[in-house]
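For the working numbering, add 49 to where a residue sits in the first sequence, where the first one is 1. Backbone N, C-alpha and C fix where the C-beta goes; we use that ideal spot for every residue, glycine too.
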Amino acid sequence: MAVFLYNSLTRKKETFEPLKNNLVRFYSCGPTVYSYQHIGNLRTYVFNDILKRTLLFNGYEVKHVMNYTDVGHLSSDADTGEDRMEKAAQKEHKSAQDIAAFYAEIFEKDCVKLNIMPPDIICRATQYIKEQIEMVQVLEEKGFTYRTSDGIYFDTSKVEDYGQMGQIDEEGLEAGKRVDIGEKKRKTDFALWKLSEKPGLRQQEWNSPWGIGFPGWHTECCVMSSKHLGKQFDIHTGGEDHITVHHPNEIAQAEAAFGVKPWVRFWLHGAFLLFKGEKVSKSKGGLYTISELEEMGFAPLAFRYLCLNTHYKKQLHFSLNVLEGAANALNRLHNLILEYGADPGDQKTKSEKKYSNEFRDAINDDLNMPRALSVLWSVLRDKDLDGPAKRNLALKFDQVLGLGLENLQEKKQDAPEDVLKLVEEREKARKDKNFARADAIRDELLKLGYSVNDTSQGPKLKMQNSKLKTQN
RNA sequence: GGCGCGGUACCCAAGUGGCUAAGGGAGAGGUCUGCAAAACCUCGAUUCGUCGGUUCGAAUCCGACCCGCGCCUCCA
C-alpha cells in the first residue's frame with residue numbers, strides 16, 4: 050500500500066517512495082526559540098508528527114532531524130531589522146543562549162503534552178557556524194555570491210528556476226515597494242552572512258573570512274540537514290509561510306552548493322491556524338499557549354484532536370467553542386476505551402480487517418486524519434465487534450493518531466482524604482435511601498472538582514475538567 | 001499589484017463526475033438510573049456561496065460573479 054503525499058514542489062499528490070531502501074530521511078523546520086510557541090505554531094508540529102507516524106505505521110524507518118533557530122533570523126525577510134534572538138535577550142536581560150535554552154525547554158514540554166514524538170536529532174544553528182561559513186565559501190567559489198557593505202548575498206539571478214515552488218514572479222513582488230532593498234541587486238537576493246555593524250555589541254557574532262558577523266537565516270537548514278541526512282534526502286516540511294521565501298532560498302543555495310537536483314524530493318507545508326478570522330502573528334500577540342489552555346481546563350490532547358479533525362493543508366479556524374467540541378469528543382473516546390477493558394481476543398474478524406484497511410487508506414491519502422477519525426468512530430459504533438476487539442483496533446489506530454488511548458487509567462485513587470470520605474458518606478446515605486443527603490454530597494464534591502458516577506461496580510470518582518462554556 | 005487557498009447542516013469537517021452527501025460537537029426524544037453521570041438507541045442538509053454552461057448524470061468539470069482568508073513585512 051503506497052503512501053500518497055501532496056508535494057509543494059510539483060503541486061501534485063504523488064506516490065511517496067524513499068530514495069534509499071526503507072529509510073525516510075526527514076527534516077522539519079523548527080521554531081525560532083526567542084519566545085513561547087503558541088498553538089498556531091504547535092499545529093505545525095502536530096502535522097510533522099502525523100506525517101512521521103504515518104510513515105512508521107507503513108513500516109518505514111524514519112530519521113527525523115529538526116533545528117532550533119537561535120541566531121540570525123532577522124525581523125524582516127528583506128534582510129534588515131534586528132536579530133530576534135538578540136532583541137529578546139536585550140528585552141529580558143538575559144544572554145541569547147539562556148533565551149534559547151529557556152524557550153526550547155518549554156517547547157519540548159509542550160510537545161510531550163501533545164504526544165509529539167521527539168526528533169531523532171535536534172540541532173541548533175549556533176553549533177554549526179563553522180559549517181555555515183564553509184558553505185558560503187563554496188557558494189562564493191562557485192560564483193553565486195556578491196558582497197555589499199553589510200554582508201555577503203546570494204545572487205538569485207544565477208539560478209535559473211529560482212522560486213519555482215513559490216511561483217515567484219519577481220516583477221510582481223511587492224517587497225521593493227514596501228521594504229528598502231538596500232544594496233541588494235534584486236528583491237529576491239538574500240543574506241548568507243551579515244556583518245556586525247559595530248563588532249563587540251552583539252552577543253552572538255563570529256569571525257569569518259568576510260569579517261565579524263553572523264549567518265543568514267536560510268543557511269542553517271541546508272547545513273544541518275546535509276550533515277545528518279546527506280546532500281539529498283526525502284522530505285522537508287514547514288509552515289505554509291515558508292513556501293515563498295525561506296524554502297525557495299534554501300533550495301537555491303543547497304542546489305547551488307551541493308550540485309544536486311532536486312535537493313529534497315518532497316516538500317510538505319502545514320496550513321496556519323487562524324483566530325477570530327485571521328492569522329495570529331507573534332507581533333500582535335493574543336493567541337493561546339498550551340499552558341494557557343490547560344489553565345482553562347482543557348487537556349492538551351483536546352487540541353491535538355482538534356488538529357486531527359481538519360486536514361493539515363486547510364487553514365483551521367480556532368475558537369474556544371471548537372476546542373470544546375474536540376475536548377468533548379476526546380472525553381467520550383477515552384470513556385469508551387476505558388469501558389472496553391483490555392484482554393484482547395486474538396481472532397481477526399472480517400470487519401476488523403476492513404476497518405484496518407479503511408484506516409490505512411485514509412492516512413495514506415495525504416494524511417487524511419479527518420477520514421481516519423471517522424473510521425475510528427465507525428469501529429466504536431459497530432455492533433458486531435466486541436469491546437476488546439474495538440479497543441484493539443483503536444489502540445492500533447492510535448499509533449498514528451496519538452490520542453493517548455494506551456495509557457488510559459481510571460483516575461480516582463489519588464483523590465484527597467476528605468474527598469474519599471465524602472464519597473463513603475454518600476454511599477451510606479444512598480443505602481439508607483437518604484437521597485437528599487446523597488445529592489447534597491454530590492454537589493459538594495462537584496465544588497471540590499470531582500464528579501461521582503454510580504455504577505454497578507460502586508461509585509466512580511472523576512476529576513472534573515472544568516470546561517468553559519462558550520466564549521468566542 | 002503578483003501568487004495561492006477556501007465557502008458543504010446550529011458549529012467544526014470529510015467527500016472533487018454516478019450506490020441513501022462521512023464523522024465529530026451541540027440540540028431534541030427515548031432506554032438505563034432513586035435522581036444524575038456515563039453508555040446505548042432514534043431524529044437532524046431533496047442539498048453543497050450565486051448565476052450560467054458541459055454531461056445521460058456535478059457539491060465534484062468549465063466560465064462569470066459575490067464573500068472570507070493566507071503568502072510576497074514579523075510569524076508555523
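Taking C-beta atoms as the reference points, F446 and F408 count as a pair closer than 8 Å. For F347, there is no enclosing beta strand (DSSP E), since its DSSP letter is neither H nor E.
Around the beta-carbon of L241, 16 or more other beta-carbon atoms lie within 10 Å, marking it buried. Cβ contact annotation for D169 (same chain, cutoff 6 Å, sequence separation greater than five): K112, H113, in chain order. The alpha carbon of E131 has as its nearest neighbour, out of I217, Y109, K162, K243, the alpha carbon of K243.
The DSSP assignment places 194-197, 200-203, 239-244 as complete runs of the beta strand (DSSP E) inside the segment 180-263, in order along the chain (cut-off: 3 residues).
In the same chain as D159, and ignoring 5 residues on each side of it, the C-beta atoms closer than 7 Å to its own belong to Q86, L91, I339, in chain order. Restricting attention to K325, K162, S423, the CA atom closest to the CA of H360 is found in S423.
Boundaries of the beta strand (DSSP E) around V501: 499-504. Nearest to E466 by alpha-carbon distance, out of L434, Y499, A51, G451, is Y499. Per DSSP, I284 is one residue of the beta strand (DSSP E) stretching across 282-288. Taken in chain order, the unbroken stretches of alpha helix (DSSP H) that lie wholly in the segment 368-454 and span 4 residues or more are 369-389, 399-413, 418-430, 436-450. The beta-carbon distance between V120 and E180, rounded to whole angstroms, is 14 Å. This is too long to meet the 8 Å contact definition.
Setting aside the 5 residues that flank it on each side, A153 is surrounded in the same chain by V82, Y117, each with a C-beta closer than 7 Å to its C-beta; the list follows chain order.
As DSSP reads the structure, R353 sits in no beta bridge. In this structure, the beta-carbon distance from K101 to F75 falls below 8 Å. The segment 412-429 makes no contact with the segment 471-487, as fewer than three CB pairs between them are under 8 Å. Here the segment 375-382 does not lie against the segment 181-191, with fewer than 3 beta-carbon pairs under 8 Å apart.
Ranking Q216, I217, T237, F156 by CA distance to the CA of T194 puts T237 first. Less than 8 Å divides the Cβ of T268 from the Cβ of Q302. Burial check for T286: the Cβ neighbour count within 10 Å reaches 16 or more, so the residue is buried. L123 is bridged by DSSP to D132.
Distance from the Cα of T293 is smallest, within the candidate group D433, L471, L58, for L58. Annotation for I292: no alpha helix (DSSP H) segment contains it, and DSSP assigns it neither H nor E. Counting along the chain, no beta strand (DSSP E) covers Y94; the unbroken alpha helix (DSSP H) around it starts and ends at 88-106.
Within the same chain, D132, E135, S245, F263 come within 8 Å of R251 by CB-CB distance, once the 5 residues on both sides are set aside. Taking the Cα positions, K62 is about 49 Å away from P248.
Rounded to the nearest whole angstrom, the CA to CA distance from L342 to A51 is 37 Å.
Per the coordinates, the alpha-carbon of K362 lies some 12 Å from the alpha-carbon of P419. Boundaries of the alpha helix (DSSP H) around E157: 145-162.
A residue is called buried once 16 or more other Cβ atoms fall within 10 Å of its Cβ, and D98 is buried on that count. For H113, the enclosing beta strand (DSSP E) begins and ends at 110-117. For E63, the enclosing beta strand (DSSP E) starts and ends at 61-65. If you draw a 10 Å sphere on the C-beta of F484, you find fewer than 16 other C-beta atoms in it, and that means exposed.
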